[in-house]
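Everything on this sheet refers to the single structure shown next.
Residue numbers (the working numbering): 4 to 420.
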């Protein structure tokens, strides 16, 4: 019986099903398709129901067979490193993060491959265990259990497997007789030596074990074990068993990729998978675009730095911040910039009109010069005004001469003056 409880994240749109305290199923309302999606514990969609049919969806889980829990358990053993254990086989392999990828290894630390996604690396370990490791251990276990231990008796030898008697070898004057306990004692045959007789007993045991395994498999698959085995060499496509006509016709099972109609639940499952794939593709495309932009910016920065270094190597010099002194001479009305480290004059220019007009605020008219003579404030001010007027006159362009008779007379009068 499954107990359903609302999910804390979305109690009105999501139900969780528990059986004996373990999550076995879930039902959620899909707002895009307006349907109830039935999911297994791994989150995969296994069916769907119309929107609002919650009771019908819950009852449907009682009719379906839920997948058995996986025999593999993953455990974290370190930073970006996980180990995989099997219920029967124990440790079967692991994965670890190396240089941005996941490396899958076997139980003997052999590398199975390098994968971009963690789930793909886990699948590789589990697939190796199912195909290679577990069948090999099963075969080794079967071979170990098939070993027969022989003990000497007064009449020959007795063979036991797992503490159970499986046969005898009786020694006669001219032969060795192999026997099994099946049917109250069955004579398998007479042999020239004891080794051949023991081999006959072992072959009979193996045949009996295979027959029992075959019966279990048929019973599990629902096959009628009482039906006599069918001779495939005499079977035909139309079902006839005429040995004279159909000895050369043999029917063998095979598989082909053929067209199959999809149901509504299959379509919903594939649509859900397609949406996830599209989202993953968009995310990967954004990552690639951002990486390209960053790489382009880095390349441009490196090229600019390379060009700057080439110019410095060519000119055998570079520009740096150097401490300098700026000297303003109010006698010559000039400004000079001199380097402190070498004393070199790097710039010399005349004062602008604005600088000259503000000279009165910077120059202390009452301060004495180096020679000890006091500067006359009125004379300094008068000199400054005269110099400013001369500069203004030089800056103003001369008016063009007037044309005509009056213009000529004015020019002659100016020349006489």
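Quick reminder that beta carbons are idealized off the backbone N, C-alpha and C, glycines included.
Computed from a prediction, not measured in an experiment: that's the story for all the values here.
### Query
Got a sec? Which residues, its chain only, sit under 6 Å from residue 129 by beta carbon, not counting five neighbours each side?
75
### Task
Can you tell me the Cβ-Cβ gap for residue 194 and residue 175, rounded? I've got them flagged as a contact below 8 Å.
About 10 Å separates the two Cβ atoms, so there is no contact after all.
#### Entry: Per-residue DSSP class, three states only, for residue 171
strand
### Coil, strand or helix - residue 118 by DSSP
strand
### Query
Hey, residue 192 and residue 181: beta-carbon distance below 8 Å or not?
yes
### C-alpha distance - residue 330 paired with residue 358, whole-angstrom precision
13 Å
### Secondary structure, alpha helix (DSSP H): runs of 4+ residues fully inside the region 34-119
57-66
### Message
To the nearest angstrom, how far is the alpha carbon of residue 107 from that of residue 49?
### Response
30 Å
### Query
Terminal residues of the continuous alpha helix (DSSP H) containing residue 301?
267-318
### Message
What does the Cβ neighbour count give for residue 114, buried or exposed, with the cut at 16 atoms within 10 Å?
### Response
exposed
### Query
With a CB to CB cut of under 6 Å and the five nearest residues on each side skipped, what residues in its chain are close to residue 451?
As shown, the chain starts at 4 and ends at 420. That puts residue 451 outside it, with no answer to give.
### Query
Can we say the region 75-87 touches the region 55-67, given the rule of at least three CB pairs closer than 8 Å?
no
### Message
I'd like the list of long-range same chain contacts for residue 197, defined as Cβ closer than 8 Å, with 5 residues on each side in sequence excluded.
### Response
159, 160, 172, 174 and 179
### Query
Is the Cβ-Cβ distance between residue 43 and residue 56 less than 8 Å?
no
#### Entry: Residue interval of the alpha helix (DSSP H) (run including residue 264)
Residue 264 -> no alpha helix (DSSP H), and no H or E assigned at all.
### Task
Check whether the region 302-310 touches the region 333-345, taking contact to mean three or more Cβ pairs, one atom from each stretch, closer than 8 Å.
no
### Query
How far does the beta strand (DSSP E) with residue 164 in it reach, from first residue to last?
159-164
### Task
Look at the Cβ atom of residue 271, then the Cβ atom of residue 38, and state whether they are nearer than 8 Å.
yes
### Query
Which of helix, strand or coil does DSSP assign to residue 338?
strand
#### Entry: DSSP state of residue 28 mapped onto helix, strand, coil
strand
### Query
Would you report the Cα separation of residue 273 and residue 8, rounded to the nearest angstrom?
27 Å
### Query
Is the shortest distance between the beta-carbon of residue 296 and the beta-carbons of chain C less than 8 Å?
The chain labelled as chain C is not found in the depicted structure, where only one protein chain is given.
### Query
When the Cα atoms are used, what is the spatial distance from residue 119 to residue 102?
10 Å
#### Entry: Rounded separation between residue 328 and residue 294 - CA only
49 Å
### Query
Among residues of its own chain, excluding the 5 on either side of residue 245, which ones have a beta-carbon nearer than 6 Å to its beta-carbon?
Legend: pLDDT at residue 245 = 45, less than 50; position of this residue unreliable, value from coordinates given subsequently. Nothing meets the Cβ criterion.
### Message
The beta strand (DSSP E) that contains residue 356, what's its start and end?
### Response
No beta strand (DSSP E) holds residue 356; the alpha helix (DSSP H) holding it covers 356-360.
#### Entry: Straight-line Cα distance separating residue 14 from residue 136
44 Å
#### Entry: Rounded straight-line distance, which links the Cα of residue 215 to that of residue 168
18 Å
### Task
Find out if the Cβ-Cβ distance for the pair residue 267, residue 51 is shorter than 8 Å.
yes
### Message
According to DSSP, is residue 255 part of a helix, a strand, or is it coil?
### Response
coil
### Query
Buried or exposed: residue 322, going by 16 or more other Cβ atoms within 10 Å of its Cβ?
exposed
### Query
If you count every other CB in all the chains shown that lies within 10 Å of the CB of residue 423, and 16 or more means buried, which is it?
Within the shown structure, residues of the chain are numbered from 4 to 420, placing residue 423 beyond reach of any answer.
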